[in-house]
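Residue numbers (the UniProt record's numbering), protein chains in the order written: chain A, 1 to 150; chain B, 1 to 150. Think of the CB as a built atom: it goes at the ideal place given N, C-alpha and C, for glycine as much as any other residue. The structure presented is a predicted model; accordingly, all values stated were derived computationally and were not measured.
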């Protein structure tokens with residue numbers, strides 16, 4: 001497996017052990033992971049700490065030059081909010097574990113010049129498929145849907 | 001002045017007294033302000049707590065039904081990240097103090113069905129114009145630009 005996706009998947013699994021939503025993210029500059037994050041909706045009662053947002057927050061205040069060399073890695077296709085954060089900071093590359101269980105605004109992100117690579121890794125797909133089956137209402141909340149939709 | 005924009009402007013001014021970036025936001029459901037926030041890049045060393053994000057975070061975990069009745073108010077045209085957060089949660093209306101000193105992806109947000117109203121309030125314009133003149137590097141950092149650009 002891609003080592004950066006592996007690190008993001010480890011973050012997702014940490015989230016699951018915390019009874020959280022198992023999505024993980026890392027920010028890579030050059031060949032180095034500079035920050036790691038995972039979804040903290042449950043753990044922090046947070047509406048904004050999706051995995052990618054948590055990762056960007058933990059990276060701290062970076063310069064535009066730093067972001068220009070970075071790759072945002074996520075186990076799942078980034079939603080509107082997380083995609084927007086990548087666009088704000090002009091992060092040129094996003095590496096995605098899978099987009100089978102959820103798909104963010106990928107065409108729009110690409111139209112803004114971002115190189116988006118979808119790996120569709122079976123481990124990422126299995127982790128989210130299992131979570132969504134077990135916790136459909138929680139998952140719907142995280143992507144802005146009413147609880148009754150699955 | 002619109003009372004909700006007035007409340008957002010008060011938040012922006014609180015931010016300024018904290019030596020922060022003077023942008024404020026409130027979330028309105030029905031006729032009630034349910035959360036208030038302001039940019040906390042300086043105060044918290046945060047890369048993600050733009051005013052709107054801070055406001056949504058302070059609103060806590062709401063239901064899709066709550067968001068469906070809400071209006072997000074900001075003193076400044078929401079950036080890619082904050083616009084994306086509004087899209088994630090399907091917030092149907094955004095009320096904006098001004099878009100003269102910065103303009104987010106307004107056409108895209110409208111194309112996604114959001115009612116975006118721009119008031120171009122002179123108080124909001126003056127506050128940001130003054131801040132940008134005094135702190136151009138900090139402002140550029142907040143919108144993902146290199147410090148040397150003003």
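Asked, Found
"Same chain, Cβ closer than 6 Å to residue 99/A, five either side skipped, listed in chain order", "77, 118"
"Whole runs of the beta strand (DSSP E) within the segment 56-88 of chain A, excluding any shorter than 3 residues", "70-74"
"Residue 37/A in three-state terms, based on DSSP", "strand"
"Contact set between residue 80/A and chain B, taken where Cβ atoms lie within less than 7 Å", "84, 87, 88"
"Beta-ladder partner(s) of residue 96/A, from DSSP", "74/A, 118/A"
"Whether residue 71/A touches residue 9/A by CB criterion (7 Å)", "no"
"At least 3 beta-carbon pairs within less than 8 Å: the segment 52-72 of chain B vs the segment 81-92 of chain B", "yes"
"Segment limits, beta strand (DSSP E) that includes residue 29/B", "24-29"
"Pick from 41/A, 60/A, 25/A, 44/A that is closest to residue 43/B, judged by C-alpha positions", "60/A"
"Contacts that residue 22/A makes with chain B (C-beta to C-beta distance below 8 Å)", "Result: empty, since nearest Cβ-Cβ is about 18 Å, beyond 8 Å."
"Residues sharing a beta bridge with residue 32/B, DSSP", "29/B"
"Chain-order list of residues whose beta-carbon lies under 8 Å from that of residue 115/A (same chain, five-residue window excluded)", "92, 93, 94"
"Residue 47/A vs residue 24/A beta-carbon contact at 7 Å", "no"
"Secondary structure of residue 17/A, DSSP reduced to three states", "helix"
"Residue 109/B to residue 108/A span [Cα, whole Å]", "12 Å"
"Pairwise C-alpha distance: residue 126/A and residue 49/B", "32 Å"
"Neighbouring residues, chain B, relative to residue 62/A (Cβ below 8 Å)", "47"
"Option in 62/A, 37/A, 66/A, 89/A with minimal Cα separation from residue 45/B", "62/A"
"Whether residue 37/B touches residue 13/B by CB criterion (7 Å)", "no"
"Cutoff 7 Å: residue 56/B Cβ touching any chain A Cβ", "yes"
"Other residues of its chain near residue 89/B: CB distance less than 7 Å, five sequence neighbours each side excluded", "67"
"Extent of the continuous alpha helix (DSSP H) to which residue 136/B belongs", "136-142"
"CB of residue 137/A within 7 Å of CB of residue 122/A, strictly", "no"
"Pick from 39/B, 26/B, 30/B that is closest to residue 16/B, judged by C-alpha positions", "39/B"
"Residue-level contact to chain B via CB, residue 15/A, 7 Å cutoff", "no"
"Euclidean distance between Cα positions of residue 29/A and residue 96/B", "35 Å"
"Residue range of the unbroken alpha helix (DSSP H) whose run includes residue 107/B", "106-111"
"Alpha-carbon to alpha-carbon, residue 1/A and residue 144/A", "31 Å"
"Pair within 7 Å by beta-carbon distance, residue 22/B and residue 131/B", "yes"
"Whether residue 101/A touches residue 128/A by CB criterion (7 Å)", "yes"
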